[in-house]
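Right, one structure below, let's go through it.
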């Protein structure tokens with residue numbers, strides 16, 4: 001794999017299609033086909049040319065492995081990739097919720113300590129910019 005520029009990370013689309021194809025061990029037309037069916041979605045240069053990131057190339061290699069070694073068809077590979085992305089998103093969300101729960105537990109423990117010391121027994125309110133609209137329902141006649 002060629003070195004990345006100092007300003008790029010694994011998600012930065014920097015490789016033109018011919019270089020990405022060579023690194024992935026595929027033909028450039030195969031990469032175009034995979035883009036058309038949605039297996040890989042490369043970035044685009046200002047002129048419209050495809051640009052692949054290190055992560056895109058890793059996905060291409062995984063597509064090749066699943067296809068050649070495991071005999072999975074392209075529809076199956078697409079579903080596997082979608083599920084892996086979903087698992088990643090859910091894992092990230094779980095980490096966020098776990099962190100938020102830790103903050104709330106710490107706040108509850110602090111409130112309990114303050115209450116025992118004669119301080120306020122209220123939990124800190126979450127500040128939000130939400131607006132709730134309430135409309136009364138029809139009045140009942142008894």
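In full-length UniProt numbering, the protein residues as written are 1 to 142. The C-beta atom is built at its ideal place from N, Cα and C for all residues, glycine as well. All figures in this text were calculated on a predicted structure; none of them were measured in a lab.
Identify whether residue 51 lies in helix, strand or coil by the three-state DSSP scheme.
-> DSSP, reduced to helix, strand and coil, places residue 51 within a strand of the structure shown.
Rounded to whole angstroms, what's the CA-CA distance from residue 39 to residue 128? Just pull it up for me.
-> C-alpha separation (whole angstroms): 39 Å.
In terms of alpha-carbon separation, which member of 7, 48, 8, 10 lies closest to residue 17?
-> Of the candidates 7, 48, 8, 10, 48 places its Cα closest to the Cα of residue 17.
Please work out which residues of its chain come closer than 8 Å, Cβ to Cβ, to residue 1, disregarding the five sequence neighbours upstream and downstream, and give them in chain order.
-> If we look at residue 1 and ignore the five residues flanking it on each side, its Cβ neighbours are 23, 54, 57.
When you compare each of 35, 98, 45 to residue 59 by their alpha carbons, which one comes out closest?
-> Measuring from the Cα of residue 59, the nearest candidate turns out to be 35.
Is the beta carbon of residue 51 less than 8 Å from the beta carbon of residue 13?
-> Contact check for residue 51 against residue 13 passes: the beta carbons are separated by less than 8 Å.
Return the first residue and the last residue of the alpha helix (DSSP H) that residue 39 is part of.
-> Unbroken run through residue 39: none, as it is neither H nor E.
Which first and last residues belong to the alpha helix (DSSP H) in which residue 131 is found?
-> Run containing residue 131: none; DSSP gives neither H nor E here.
Identify, in the order they occur along the chain, each residue of the same chain with its Cβ nearer than 6 Å to the Cβ of residue 30, setting aside the five sequence neighbours on each side.
-> Cβ neighbours of residue 30 beyond the five flanking positions: none.
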